[in-house]
Amino acid sequence: MNISTRHASARWAAALGVAALGAGLMAGCSAGDGGKGADGEAKDALYIAVQDDPVCLDPQQVTLTTALNIGRQLVDSLVDQDPETGEIVPWVAKSYQANDNLTEFTFTLRDDVTFSDDTPLTAETVKTNFDALAALGSTAALASQYLAGYQGTEVVDASTVKVSFGEPNAQFLQGASTITLGLLSDASAVMPADQRCQTPVGSGPFVLDTYTSNDSVVLTARNGYDWGSELRTHTGDATIKTITFAVTPEPGVRTGGLQTGEFDMILDLPAADEKRFGTDEFTIYARANPGIPHSLVPNTERPIVSDPAVREAMILATDRAEISELTGSSKVPPATGVLSSATPSFLSQKDALAYDLKGAEKILDDAGWAVGSDGVREKDGEKLSVSVTAFYGQDVLEATQAQLAKAGINLKINMVTAGDFFGAVASKDFDFLGAGLTRTDPDVLRVMFSAASAARWAVVGDTELETQLATQAETADPAARADILDDAQKRIIDDAFLVPLLEVAQVHASQQGVSGVEFDSSSRIILYDVTVKG
Amino acid sequence: MSAVLRVLRYIGPKLAQFVFVVLATYTVVFLLITFLPGDPLLAALASKSGGDTIVDPEALDRLREQYGLAGTPWDQYWHRLGMLFAGDLGISIATGRPVGDMIARTLPNSVEIAMIALVIAIVIAAVFAFLAFLAPVRWLRNALLQIPPFGVAIPAFLTGLLLISFFSFTLGWLPSSGSRQPGSAILPAITLALPVGAILFQVFSAAVFEAQASQHVFTAVAKGVPPRRIFTAHLLRNALLPTITILGLTIGYLAAGTAVVETVFSRDGIGRMTVNAVLARDINVIQGIVLMIAAVYAAVNLVVDLAYGVIDPRTRRSGRLGRQRARVESTQEANA
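Keeping their order, the protein sequence lines are chains G and A. Under this note's numbering, think of the first position of the first sequence as 1, with each following residue one higher. Under this note's numbering, think of the first position of the second sequence as 1001, with each following residue one higher.
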């Protein structure tokens, strides 16, 4: 190196300066302010960060939470359900009636409802929708369960329809209030499944403007909307003009964006961030998913699982308060029943589900399961070791595993893909399943436990429970049905057919200036009444 | 005539290599997705329907037919290969959309950040190599040379989040996510560029210092040629060859890097689509993407091969005559 040192230093410094300048210029291309209004001023745009790409926007086909949250703004349903009381109220149908054994449902429709393509919503539309859904079958997995036993829809007159089922369908009326049975225009309903995903046309307060996969969904308010259900707080057009759902899978980016005001609202707030956004500057929204909590679902045809003492001990040895504290939202109470507290007809079995390690140990001792040298119990040379198959919620299962180990029960966690999970369900190749099932109606018990159900998970083989579940499904009288459901919930815990672990909650957060966000009965958000202050 | 023949003789084997790479990739991917345990159809359906998936054997058989999953593996292999030649990549099981359309939608987004990243990486490599070349003291040069291992060692995931929290959340200069706002490609491109730039820098600087030790540079220094002129005229061209080779290989790195970067920055693109497809075991999409990347990879390396000829004339001549000449020249060089 014979280069003059003085010269080189000067050049080196100059080059460094140029590099730094370049970096500065690049970074200086600053972003716009996203059209945000001045402080305190009302804005007509709502910017929401969501976790998942909705993939499909047809409310009738989707089951992904994000897609349902978007779909709720696009379609109206025949009826609405009060999330507090579970009461069904009119919406697109101004009145409705079910026959005594729940096989026929008659709806009288409002005559002023139109779709965003300006076609009217008529009795014929309802028939077209349900017929199309029945034809889609398992492509619309959830809808086909609400329409189980569907025989046909009769157009009685221009504004009256009668929906008939071959067997009693207790969950249909409630199902008719969900996003899944929300109504699409005649033209949309008859499209092939894949096309419906891209451009669904509904009668809701918002209209799909653009959908960019893995990026964003933009909705604009519909002009002339005036048929919200009585549960909404205002009438007429939606208060905000546009909603942008920004697909943002990284939780840290969602929370950071909320903190800095880049997002007005974020869905799926991680439990760990609840404290940080618990201040006056932000609002947290939380509601438990209705249905069956995250639980251990048994297959009683398996050797050890078939022993009621083992299952009973597992219920007592799980500390649901601790699981909730470790893995769940602080906004939702620990699980206290076989249904979540947000489900109609929920029966709290707090006492039966109280944590009682001593009691669990006693049951196992009495049943002949003695503690072995490695801390795991055994009987006749067989270890008290069972496995749980799951495709999400590993943290919940790990907390459970640690608790059960204290009672000498070895729980092996078998995390698989969603596909393999349902493969195991189909072939009954599992000891326990680790999952919950979200449904708004208590009929979810039948869906999960009845051997006759197409979406059955649990294998319990209990004739009395089977009868109870079948009877509640054909009982129209609410009080009588509630009694049967109470009995069924008691029976499930008495015979330890389910080990509830955690009530899974929908937790969202927004800037303090956002108000009017409501949950519907299935814990999806309704944005019709939302106002935003800058 | 003979000129055309010569070009063909040079390009021919390279084209055959290209076709072989793509075919071999197809076969390997096919074997992998066919013999992995589990049912891809069920996996993709479950990823769509979640807890509400219905397992009905008859319906599954119907869908198997629809997505080209019916028949023995042998039948499927040829059936899919036939479709491939017809330009048909099949239909995504999880989304129901044609795979070709999905790739056409996402590819431009990924290419955008990959190209910006590549440019940034080259600039980083060149600037740092130049700085190291000029570094007046040994410790400064050594410090600069230690940067690349550091750049490679930091995971893109972390760099991305750090950049977001600094430039988006603290300074508010650039959008944190999506591709909706202007300037949204900058942070992801920088994230992707750092490790690539580090690799390029390592190769480039090594080549520069090797060339610096050669006699013609010694002569230039002795003649009093200014350092910048030495760098551009005498070192750059010599250092380009190994760098260009690495450039071809970085395409694979860029393709893999987009998976992380697109997730962190919430952008639509090939990488994110790959992650989703793998999670859903959406085999038609996985196969489509892998084939597409293999084709791009093979094509870039084909271009790199051809670029050698432009940068270094000795590699251009093919055939016996060319080789003889090259040999003669190299002998002369050795003698000189």
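A virtual CB, placed ideally from N, CA and C, is assigned to each residue, including glycine. Note that this is a predicted model, so its numbers are computed, not measured.
Quick check: the Cα distance between residue i and residue j, rounded to an integer number of angstroms?
i, j, result
"alanine 38 of chain G", "alanine 45 of chain G", "Summary for alanine 38 of chain G: the model assigns pLDDT 47, below 50, so the residue's position carries little reliability, and this model does not support an answer."
"glutamate 398 of chain G", "aspartate 1039 of chain A", "27 Å"
"arginine 1097 of chain A", "glutamate 87 of chain G", "40 Å"
"glycine 1224 of chain A", "leucine 1145 of chain A", "26 Å"
"leucine 141 of chain G", "valine 444 of chain G", "According to the sequence provided, residue 141 of chain G is alanine. The question's leucine does not apply to it. In a straight line, the C-alpha of alanine 141 of chain G is about 14 Å away from that of valine 444 of chain G."
"cysteine 29 of chain G", "threonine 1191 of chain A", "Note on cysteine 29 of chain G: pLDDT 40, under 50, position unreliable in the model; no value is reported."
"arginine 1062 of chain A", "tyrosine 528 of chain G", "40 Å"
"alanine 1198 of chain A", "serine 1179 of chain A", "26 Å"
"phenylalanine 965 of chain A", "leucine 1200 of chain A", "The first residue shown for chain A is 1001 and the last is 1336, placing residue 965 of chain A beyond what the model contains."
"asparagine 1142 of chain A", "alanine 1129 of chain A", "12 Å"
"glycine 34 of chain G", "glutamate 1262 of chain A", "Summary for glycine 34 of chain G: the model assigns pLDDT 39, below 50, so the residue's position carries little reliability, and this model does not support an answer."
"glycine 182 of chain G", "proline 59 of chain G", "7 Å"
"arginine 311 of chain G", "alanine 424 of chain G", "20 Å"
"serine 385 of chain G", "leucine 1042 of chain A", "29 Å"
"glycine 1248 of chain A", "valine 1304 of chain A", "6 Å"
"valine 530 of chain G", "glutamine 51 of chain G", "20 Å"
"valine 92 of chain G", "proline 192 of chain G", "25 Å"
Out of the options, point me to the one whose CA is closest to residue i's CA.
i, options, result
"glycine 204 of chain G", "G:Leu78, G:Ala148 and G:Thr467", "G:Leu78"
"serine 348 of chain G", "G:Asp395, G:Leu136, G:Gly182 and G:Ile493", "G:Ile493"
"aspartate 76 of chain G", "G:Asn99, G:Asp351 and G:Glu230", "G:Glu230"
"valine 218 of chain G", "G:Ile284, G:Tyr47 and G:Thr248", "G:Tyr47"
"lysine 43 of chain G", "G:Glu518, G:Val514 and G:Leu527", "G:Val514"
"valine 62 of chain G", "G:Asp194, G:Ser521, G:His234 and G:Pro83", "G:Asp194"
"alanine 496 of chain G", "G:Ser295, G:Asp226 and G:Glu104", "G:Ser295"
"glycine 393 of chain G", "G:Ala435, G:Thr103 and G:Ala342", "G:Ala435"
"isoleucine 1289 of chain A", "A:Ala1156, A:Pro1037, A:Asp1101 and A:Trp1078", "A:Asp1101"
"glycine 1090 of chain A", "A:Val1285, A:Leu1302, A:Ala1003 and A:Val1137", "A:Val1285"
"glycine 328 of chain G", "G:Ile304, G:Asp365, G:Ala309 and G:Ala288", "G:Ala288"
"alanine 1121 of chain A", "A:Ile1270, A:Val1264, A:Ile1244 and A:Arg1272", "A:Ile1244"
"alanine 221 of chain G", "G:Ser116, G:Leu469 and G:Val416", "G:Ser116"
To which residues of the same chain is residue i closer than 6 Å at the C-beta, ignoring the five residues directly before and after it?
i, result
"glycine 152 of chain G", "Ser164"
"glutamate 274 of chain G", "Ser330"
"aspartate 1377 of chain A", "Lying before the first or after the last residue shown, residue 1377 of chain A is absent from chain A, which here runs from 1001 to 1336."
"alanine 1277 of chain A", "Val1285 and Ile1286"
"phenylalanine 130 of chain G", "Thr153"
Can you list the residues of chain A that residue i reaches, using a CB-CB cut of under 7 Å?
i, result
"proline 249 of chain G", "Thr1263 and Ser1266"
Is there at least one Cβ from chain C nearer than 9 Å to residue i's Cβ?
i, result
"glycine 419 of chain G", "Given the protein chain composition of this structure (G and A), no chain C is represented."
At 7 Å on the CB atoms, spell out the chain G contacts of residue i, in chain order.
i, result
"aspartate 1039 of chain A", "Gly419 and Gly423"
"serine 1165 of chain A", "Gly256"
"leucine 1161 of chain A", "Gly252"
"leucine 1042 of chain A", "Gly419, Phe422 and Gly423"
"alanine 1046 of chain A", "Ala418, Gly419, Phe421 and Phe422"
Can you pull the chain A neighbours of residue i, defined as C-beta to C-beta under 9 Å?
i, result
"glycine 86 of chain G", "None at all; the shortest Cβ gap to chain A is about 21 Å."
Name the chain G residues that come within less than 8 Å of residue i, Cβ to Cβ?
i, result
"glycine 1096 of chain A", "Cys56, Ala193, Asp194 and Cys197"
"alanine 1256 of chain A", "The premise fails here: alanine 1256 of chain A is roughly 18 Å from chain G at the closest Cβ pair, so nothing lies under 8 Å."
"threonine 1105 of chain A", "A small correction: the amino acid at residue 1105 of chain A is arginine; threonine does not occupy that position in the sequence shown. Result: Ser213."
In chain order, what residues of the same chain have a beta carbon less than 7 Å from the beta carbon of residue i, not counting five sequence neighbours either side?
i, result
"alanine 360 of chain G", "Ala313, Leu316, Ala317 and Ala407"
"glycine 1012 of chain A", "none"
"proline 83 of chain G", "Phe519, Asp520 and Ser521"
"threonine 300 of chain G", "Ser306, Val459, Val460 and Gly461"
"alanine 1295 of chain A", "Val1022"
"threonine 400 of chain G", "Thr318, Ile323, Leu411 and Leu501"
"valine 1208 of chain A", "Ala1129, Phe1133, Leu1235 and Ala1239"
Taking Cβ-Cβ distances shorter than 8 Å, what residues in chain A pair up with residue i?
i, result
"alanine 246 of chain G", "Ser1177, Gly1178, Arg1180 and Ser1266"
Could you list which residues in chain G have their beta carbon closer than 9 Å to that of residue i, in chain order?
i, result
"isoleucine 1093 of chain A", "Per Cβ cutoff of 9 Å: no residues; isoleucine 1093 of chain A is ~10 Å from chain G at best."
Less than 8 Å between the CB of residue i and some heavy atom of the ligand MN, yes or no?
i, result
"phenylalanine 519 of chain G", "Annotation note on the ligand MN: not contained in the displayed structure, which lists no ligands."
Excluding the 5 residues flanking residue i on each side, which residues of the same chain have their C-beta closer than 8 Å to its C-beta?
i, result
"lysine 94 of chain G", "Thr108, Leu109 and Arg110"
"valine 89 of chain G", "Val79, Asp80, Gln81, Asp82, Ser229, Glu230 and Leu231"
By the 8 Å beta-carbon criterion, what residues does the segment 251-273 of chain G contribute toward chain A? Gly252, Val253, Gly256, Gly257, Gln259, Thr260 and Glu262
Got a sec: which bits of the segment 210-237 of chain G sit with their beta carbon under 7 Å from any beta carbon on chain A, in order along the chain? Thr212, Ser213, Asn214, Asp215 and Ser216
Note down, in chain order, all residues in the segment 1168-1182 of chain A with a beta-carbon under 9 Å from any beta-carbon belonging to chain G. Ser1168, Phe1169, Thr1170, Leu1171, Gly1172, Trp1173, Leu1174, Pro1175, Ser1176, Ser1177, Gly1178, Ser1179, Arg1180, Gln1181 and Pro1182
Identify each residue in the segment 1268-1295 of chain A for which the Cβ-Cβ distance to at least one residue of chain G is less than 9 Å, and report them in chain order. Asp1268, Gly1269, Arg1272, Met1273, Asn1276, Leu1279, Ala1280 and Arg1281
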